[in-house]
Structure formats: structure tokens, C-alpha cells
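**Q** Residues in the sequence shown are numbered from 9 upward in steps of one, following our numbering. Ideal Cβ positions, reconstructed from N, Cα and C, are used throughout, including at glycine. Let me give you the structure first, and then I'll get to my questions.
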Amino acid sequence: MRANVQNMNMGIRLFTPEERPLAQSLARLVWMNPFEDARKVLEREILEGQGGRGAEKSDLAAILALLERTIRAGREHWDSAKVPNDRDAYLYQELVFFHVFHQFRRDFDKVIEAAHTRGSAAQRIPFYDRFSMEVRHWLPGGFVGAYATMEETRLFAVFFQVRRAFQHIYQYIIGASPAATKLRARIWQSIFTHNMDRYQRVLADRMGDIITLITGPSGTGKELVARAIGLSRFIPFNPNSREFEEDFVKAFYPINLSALSSSLIESELFGHRKGAFTGALQDRKGYLSVCGQHGTVFLDEIGETETSIQVKLLRLLQTRTFSPIGDTEQHVFRGKIMAATNRDLLVEIQAGRFREDFFFRLNADHVRTPSLREILRESPDELENLVSHIARKSVGAEESATLTDEAMTVIARDLPSDYAWSGNFRELEQCVRNILVHGEYTAQPLGSPDANSRASELALEIQLGRLTANELLSRYVTLLYEKTPNFEELGRRLELDRRTVKKYVNP
9 MRANVQNMNM GIRLFTPEER PLAQSLARLV WMNPFEDARK VLEREILEGQ GGRGAEKSDL
69 AAILALLERT IRAGREHWDS AKVPNDRDAY LYQELVFFHV FHQFRRDFDK VIEAAHTRGS
129 AAQRIPFYDR FSMEVRHWLP GGFVGAYATM EETRLFAVFF QVRRAFQHIY QYIIGASPAA
189 TKLRARIWQS IFTHNMDRYQ RVLADRMGDI ITLITGPSGT GKELVARAIG LSRFIPFNPN
249 SREFEEDFVK AFYPINLSAL SSSLIESELF GHRKGAFTGA LQDRKGYLSV CGQHGTVFLD
309 EIGETETSIQ VKLLRLLQTR TFSPIGDTEQ HVFRGKIMAA TNRDLLVEIQ AGRFREDFFF
369 RLNADHVRTP SLREILRESP DELENLVSHI ARKSVGAEES ATLTDEAMTV IARDLPSDYA
429 WSGNFRELEQ CVRNILVHGE YTAQPLGSPD ANSRASELAL EIQLGRLTAN ELLSRYVTLL
489 YEKTPNFEEL GRRLELDRRT VKKYVNP
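In C-alpha cells form, the structure reads like this:
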């Protein structure tokens with residue numbers, strides 16, 4: 009649908025002075041990150057401004073009712089105006105996007121749920137014609153402004169992507185702590201950037217060029233973050249076949265690099281030709297060949313790779329080309345690359361184990377997963393919420409409350425209140441399962457998996473003279489706390505009182 013509404017600067021306004029503030033506030037919601045606190049604040053302000061005094065939380069149904077009332081008024085003014093004011097036409101269009109998206113939200117959800125159940129998203133989409141009719145009803149003159157050349161199919165594809173992103177982020181990243189909320193908002197930005205308006209207009213089919221690096225301690229859900237992003241990429245819609253051009257369920261290709269030798273990594277990623285090495289009995293396509301334009305190859309444990317592999321991956325990232333083993337022909341990689349590590353790559357660079365140029369090529373989009381200790385430091389009550397989630401997965405909804413109570417009792421009995429949870433969420437899962445089976449949990453106060461790298465980093469910072477006295481004390485106390493996760497015990501060891509130790513321990 010092309011726009012034919014032009015030269016509207018002198019047109020009739022679509023909103024009265026009384027209607028415009030609400031219309032502008034609703035339009036701001038269109039582009040806001042749904043996981044950011046600012047959006048919830050604006051929703052409450054809108055409801056309070058319309059008589060919902062004292063609203064403590066957002067109410068989507070009430071927001072959508074206000075939205076429908078506002079766009080109906082705008083549509084009536086459009087019919088009478090014939091040539092509307094350009095600014096009001098653009099404002100009205102934003103409200104239409106908001107309204108139409110929610111009109112078809114449930115339809116998109118059914119497609120997503122069915123795809124995950126079947127293990128495939130390949131299917132005809134039966135409601136595209138209804139979607140097209142709805143858009144044309146509310147925008148009889150076509151898209152306007154910066155969207156004047158956009159096709160309906162692109163809007164449809166972006167709406168499907170938005171719904172996939174919301175569902176995957178909400179499903180994979182659990183918890184209500186500030187750290188979890190920030191992580192969800194950060195993932196949303198990795199998919200859509202911080203400017204959703206610009207993304208929808210010009211970036212949707214270009215984000216594959218941006219590499220995402222996920223860092224954080226072991227057991228904090230880095231692969232879940234990668235899946236949330238990889239399963240939520242933009243996929244164009246074909247109006248002739250009534251299908252999306254790629255199966256989002258099958259477009260995510262994870263590979264754990266630490267589990268493979270360098271030669272196997274090359275074979276898995278680049279593929280090989282028959283006879284390229286002993287045992288290569290036939291041609292084999294690697295992930296880089298199988299992955300389509302809208303797919304994602306996820307390189308887990310990138311910090312474990314040898315420099316020879318880093319050189320080849322760097323060349324891939326720079327040129328977007330590769331050659332299978334035993335082949336001289338250059339193949340083009342059209343998908344997206346994501347990588348993850350629990351190592352501190354800056355320390356690895358200083359130690360000569362990781363290439364600096366490779367790091368900066370990887371680090372275009374950085375997402376960090378918080379440790380469980382960091383989450384609980386901000387929100388101690390979050391422990392019970394996480395235990396409840398694990399219990400539901402372990403024994404089902406009916407028995408989960410009983411197991412949650414049992415687990416919380418054992419944790420309080422067997423572990424110190426400031427237990428470090430060095431294994432993070434993965435350790436908490438095993439803790440609950442131990443309690444389910446044995447009724448107890450005995451944990452070893454091991455340091456975090458990256459304690460050695462932190463010690464190396466601290467030694468390097470001391471050598472370079474970069475730390476203040478307070479920073480030095482804080483880093484040292486934090487490092488020791490990894491191995492002795494008890495404030496009183498560590499205080500005795502350092503000849504400091506408990507409060508001072510707690511003050512200098514950073515999450």
C-alpha cells in the first residue's frame with residue numbers, strides 16, 4: 009500500500025486541543041521498550057490523567073480502550089477533513105500501528121505457540137487478508153510521512169517479530185528483580201535497537217550485520233539470551249504464498265566451541281569437501297552454509313578458542329565469506345553471528361590468549377547476564393520466586409508450592425544467609441533437585457568459575473598502578489569473598505568487622 013497523501017502542511021487537524029495530549033502520550037507508547045520501567049510509568053500517567061487516580065500498575069485493557077476511542081475520533085475527522093494536517097496524519101498513523109498490532113496479537117501468539125509445539129514454523133498464515141483490510145480501513149490514504157513507501161507485508165512481518173521477541177524474552181528470562189528487568193530491556197534493544205521507529209523503517213533487514221557478544225558467569229543463562237535474540241529476528245512475509253520466508257524455529261544454530269577440537273570446529277562451522285581429511289567420505293555443509301539470511305549461528309564459549317581459530321573467525325566477521333575445508337571457493341555468509349563467554353576477554357587479551365582485533369569485532373552489541381548473587385543482593389525475596397519457578401518445572405503446578413516451601417526451609421537451614429551461589433541459577437536448580445530427592449543440600453564454598461581470571465586481572469591492575477586504595481581493597485575483598493562467601497568468617501580472616509567486609513564486596 010503506497011501513500012497518496014501529500015502536501016498536507018495546511019490540512020485540517022485530526023485531533024482537537026483536548027484530544028491531542030492523550031493522542032501524543034499513546035503514540036509514545038508505540039515505540040517504547042515494553043520491559044523498561046519508563047513505559048510502565050507512562051501507562052500509569054495516561055490512566056491517571058483519564059480519571060484513573062491512584063493507579064498502582066498499568067492496565068493494558070484500559071489503555072487499549074482509550075486508544076480505540078482516540079483513533080475513532082481521528083478517523084471521523086479524517087473523513088470530514090479529506091486532506092488532514094501532516095503532523096496529525098503521522099500521529100494518527102502511529103496510533104493505528106498500536107491498535108492494529110493488538111488486534112492481531114492473539115493470532116500471532118497462536119502461530120508462535122503452534123510452531124514451538126510442532127518444532128516448525130512452516131505454515132500458511134490465514135489472517136493476513138484480515139490484517140490488510142484492517143490497515144486499509146484505518147489508513148484509507150495509505151501510509152504517510154517516513155513510512156510512505158513501506159509495504160503492508162513489512163509491517164506485518166515486524167509485528168510478528170515484535171510478538172516473537174516479547175514471548176521469547178518473557179519465557180527465557182525469569183524473575184522480577186531489577187537486574188532481570190534490565191536484562192530483558194537490554195535484550196529487546198539487541199533485537200530492535202533503542203529506536204524502534206528507525207528500526208521498523210530501515211533497520212529490520214540489516215541487523216544481521218551486527219554481532220552480539222554475551223558475557224557473564226557460568227550458569228547465568230547466556231544461551232537463553234542468545235535463543236531469545238536468535239528466535240526473534242526479522243523474517244519477511246511472502247503475500248503470494250502466505251508464508252514467512254524462513255522457519256524461525258529452525259533458524260538458530262548453537263555450537264559449543266569448548267567441546268570441540270580446532271579441526272572439528274572448522275568442520276562444523278565451515279563444512280568440508282570429500283577427501284579433505286581422513287574420514288571425510290563425502291561433502292558436508294557447515295553451519296555457516298546451512299544458516300539462512302534470517303538465521304543465527306551462536307558461538308558459545310568463544311573465549312576457549314585457540315588463536316588460529318580466532319584468526320579464521322575474524323576473517324569471517326570482516327568479509328562475511330568463508331571456504332569449506334578442502335575448497336578454495338569463497339562462500340558468502342548471510343546470517344547473524346552471536347558469541348558468548350564466561351571469561352573476562354580483556355584479561356585474556358592481556359595474557360595473550362585472545363586477539364584484541366577479534367574482541368573489538370565481536371563487541372558491537374554487548375549483553376551481560378547478572379550473577380545470582382547480584383540478583384539476590386538487590387532483591388533477597390527473589391530467591392523464593394526462582395525456587396518456585398524451578399519447582400513448577402520439576403513437579404508441576406499442583407505440587408510446586410509444597411516443594412517451594414520445603415526447599416526454602418532447607419536452604420535457610422543448611423546454607424548461610426549470604427551464600428554466594430557460585431554456580432548461579434544452574435546451582436540453584438541442582439539445589440532444588442537435591443532437596444526433592446534427598447531432602448537436603450550440602451554445598452562446597454567454591455569460588456566462581458572466573459575467580460582465577462579475576463585474580464589475574466587484579467594483579468595486572470596493581471602492576472599498572474591503575475587502582476585507588478579504596479578500589480584495591482574492594483577488588484581484593486570481593487575476590488576473597490568468592491572463596492569464603494561468609495561476611496563474618498572473611499572478616500575474621502582480614503581482621504575487619506562484618507559491616508566493613510560487606511561494604512567492600514561488589515556484586
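Are the beta-carbon atoms of V340 and I398 separated by less than 7 Å?
**A** Here residue 340 corresponds to residue number 332 of the sequence shown, with the count starting at 1. Here residue 398 corresponds to residue number 390 of the sequence shown, with the count starting at 1. Their beta carbons are not under 7 Å apart, which means V340 does not touch I398 by this criterion.
**Q** Measure the Cβ-Cβ separation of Y489 and L498 and say whether it is below 7 Å.
**A** As a first step, residue 489 must be located in the sequence shown, where it is residue number 481. As a first step, residue 498 must be located in the sequence shown, where it is residue number 490. L498 is positioned such that its CB atom lies closer than 7 Å to that of Y489.
**Q** Could you name the residues of the same chain whose beta carbon sits closer than 8 Å to that of L50, not counting the 5 residues immediately before and after it, in chain order?
**A** The residue you call residue 50 lines up with position 42 of the sequence shown. S33, R36, L37, M40.
**Q** Classify Y261 as helix, strand or coil using the three-state DSSP reduction.
**A** Against the sequence shown, residue 261 aligns to sequence position 253. Looking at Y261 - three-state DSSP - the assignment turns out to be strand.
**Q** Along the chain, which unbroken stretches of the alpha helix (DSSP H) at least 4 residues long are found entirely within the segment 22 to 63?
**A** 28 to 38, 45 to 57
**Q** Compute the distance between the beta-carbons of E253 and I243, then report whether it is under 7 Å.
**A** Within the sequence shown, numbered from 1, the residue matching residue 253 stands at position 245. Within the sequence shown, numbered from 1, the residue matching residue 243 stands at position 235. It is a contact, given that the beta carbons lie within the stated cut-off.
**Q** Is it right to say S456 is buried, meaning 16 or more other beta carbons lie within 10 angstroms of its own, or is it exposed?
**A** The sequence position of residue 456 within the sequence shown is 448, counting from 1. Any reading at S456 needs caution, since the residue's pLDDT is 48, under 50, leaving its predicted position unreliable; the model's value is listed next. By the neighbour-count rule (16 or more Cβ atoms within 10 Å), S456 is buried.
**Q** Where does R361 sit, in a helix, a strand or coil, going by DSSP?
**A** Residue 361 sits at position 353 when you count from the first residue of the sequence shown. If DSSP states are grouped into helix, strand and coil, R361 belongs with coil.
**Q** Should S185 and E386 be called a contact, given that it needs their Cβ atoms to be closer than 7 Å?
**A** Taking the first residue of the sequence shown as 1, we reach residue 185 at position 177. Taking the first residue of the sequence shown as 1, we reach residue 386 at position 378. Yes, the Cβ-Cβ distance between S185 and E386 is below 7 Å.
**Q** Please list, in chain order, all residues of the same chain as G62 whose beta carbon is under 8 Å from its beta carbon, the five residues on each side excluded.
**A** The residue you call residue 62 lines up with position 54 of the sequence shown. Because G62 sits at a pLDDT of 47, beneath the cut-off of 50, its placement in the model cannot be relied upon, and the following sentence gives the value as read from the coordinates. These residues qualify, in order along the chain: E56.
**Q** Quick one: give me the first and last residue of the alpha helix (DSSP H) that A405 is part of.
**A** The sequence position of residue 405 within the sequence shown is 397, counting from 1. 405 to 422 is the extent of the alpha helix (DSSP H) around A405.
**Q** Could you compute how far the alpha carbon of I177 sits from the alpha carbon of V395?
**A** As a first step, residue 177 must be located in the sequence shown, where it is residue number 169. As a first step, residue 395 must be located in the sequence shown, where it is residue number 387. Spanning the two alpha carbons is a distance of roughly 19 Å.
**Q** Assign I470 to buried or exposed, taking buried as 16 or more other Cβ atoms, counted over all protein chains shown, within 10 Å of its Cβ.
**A** By one-based count along the sequence shown, residue 470 stands at place 462. Exposed is the call here.
**Q** Kindly say whether D365, judged by its beta-carbon, lies nearer than 7 Å to any beta-carbon of chain C.
**A** Considering every chain present, this structure includes no chain C. It has just one protein chain.
**Q** Does the Cβ of S226 lie closer than 6 Å to at least one heavy atom of the ligand GDP?
**A** As presented, the structure is devoid of all ligands, the ligand GDP included, so that no description of it is given.
**Q** So what's F167 in DSSP terms, helix, strand or just coil?
**A** Working through the sequence shown from its first residue, we reach residue 167 at position 159. For F167, the secondary structure class from DSSP, reduced to helix, strand or coil, is helix.
**Q** Using the C-alpha atoms, what's the distance from A259 back to E84?
**A** On the sequence shown, position 76 is the one that residue 84 refers to. On the sequence shown, position 251 is the one that residue 259 refers to. Cα to Cα, E84 sits roughly 44 Å from A259.
**Q** Classify A69 as helix, strand or coil using the three-state DSSP reduction.
**A** Reading the sequence shown from its first residue, position 61 is the one you call residue 69. The answer is helix: DSSP assigns A69 an H, G or I state.
**Q** Is L75 closer than 7 Å to V104 when the C-beta atoms are compared?
**A** Sequence index remark: in the sequence shown, residue 104 carries index 96 (1-based). Sequence index remark: in the sequence shown, residue 75 carries index 67 (1-based). Contact flag unset, no.
**Q** Output the distance between the C-alpha atoms of L232 and F256, rounded to the nearest integer angstrom.
**A** Position 224 of the sequence shown, counted from the first residue, corresponds to residue 232. Position 248 of the sequence shown, counted from the first residue, corresponds to residue 256. Separation of L232 and F256 (C-alpha to C-alpha, rounded to the nearest whole angstrom) is 15 Å.
**Q** Can you give me the C-alpha to C-alpha distance between L423 and T450, rounded to a whole angstrom?
**A** Position 415 of the sequence shown, counted from the first residue, corresponds to residue 423. Position 442 of the sequence shown, counted from the first residue, corresponds to residue 450. In a straight line, the C-alpha of L423 is about 8 Å away from that of T450.
**Q** Given that a residue counts as buried once 16 or more other Cβ atoms are within 10 Å of its Cβ, and exposed if not, what is N248?
**A** Here residue 248 refers to the residue found at position 240 when the sequence shown is read from its first residue. Looking at its Cβ environment, which holds fewer than 16 other Cβ atoms inside 10 Å, N248 is exposed.
**Q** Which stretch, first to last residue, makes up the beta strand (DSSP E) that contains L239?
**A** Stepping through the sequence shown from its first residue, residue 239 is reached at position 231. Neither: L239 is in no beta strand (DSSP E) and is coded neither H nor E.
**Q** Just mark L370 as buried or exposed, buried being the case when its beta carbon has 16 or more other beta carbons within 10 Å.
**A** Residue numbering aside, residue 370 sits at position 362 when the sequence shown is read from its first letter. So L370 ends up on the buried side.
**Q** Does the contact criterion of 3 or more C-beta pairs under 8 Å hold for the segment 287 to 305 versus the segment 260 to 274?
**A** yes
**Q** Span of the beta strand (DSSP E) holding F306?
**A** Stepping through the sequence shown from its first residue, residue 306 is reached at position 298. Taken as a continuous stretch (DSSP letters only), the beta strand (DSSP E) holding F306 covers 304 to 308.
**Q** For the segment 308 to 317 against the segment 288 to 299, do three or more pairs of beta-carbon atoms, one drawn from each stretch, fall closer than 8 Å, so that the two count as touching?
**A** no
**Q** Taking just the CA atoms, how far does T410 sit from A173?
**A** As a working note, residue 173 is residue 165 in the sequence shown. As a working note, residue 410 is residue 402 in the sequence shown. Each residue's alpha carbon lies about 33 Å from the other.
**Q** Answer with buried or exposed for K230, where buried requires no fewer than 16 other C-beta atoms within 10 angstroms of its C-beta.
**A** Taking the first residue of the sequence shown as position 1, residue 230 is located at position 222. Its Cβ being crowded by 16 or more others within 10 Å, K230 is buried.
**Q** Which term fits F368, buried or exposed, when burial requires 16 or more other beta carbons within 10 angstroms of its beta carbon?
**A** Working through the sequence shown from its first residue, we reach residue 368 at position 360. So F368 ends up on the exposed side.
**Q** Using 10 angstroms around the beta-carbon of R171, count the other beta-carbons present and answer buried if the total reaches 16, otherwise exposed.
**A** By one-based count along the sequence shown, residue 171 stands at place 163. Within 10 angstroms of the beta-carbon of R171 lie 16 or more other beta-carbons, which makes it buried.
**Q** Report back the beta-carbon spacing between I237 and Q175 to the nearest angstrom; my notes put them in contact at under 8 Å.
**A** The residue labelled residue 237 in the question sits at position 229 within the sequence shown. The residue labelled residue 175 in the question sits at position 167 within the sequence shown. So it is not a contact: roughly 13 Å between Cβ atoms.
**Q** For G279, which of helix, strand or coil comes out of DSSP?
**A** As a first step, residue 279 is located in the sequence shown; it is residue number 271 there, counting from the start. It is a strand residue.
**Q** Once the 5 residues before and after I133 are set aside, which same chain residues still bring their CB inside 6 Å of it?
**A** Reading the sequence shown from its first residue, position 125 is the one you call residue 133. Within the same chain, I133 has close Cβ partners R250.
**Q** According to DSSP, simplified to helix, strand and coil, what is S456?
**A** For the purposes of this step, residue 456 is identified with residue 448 of the sequence shown, where counting begins at 1. Its pLDDT being 48, under 50, S456 is placed unreliably by the model, and nothing is read from it.
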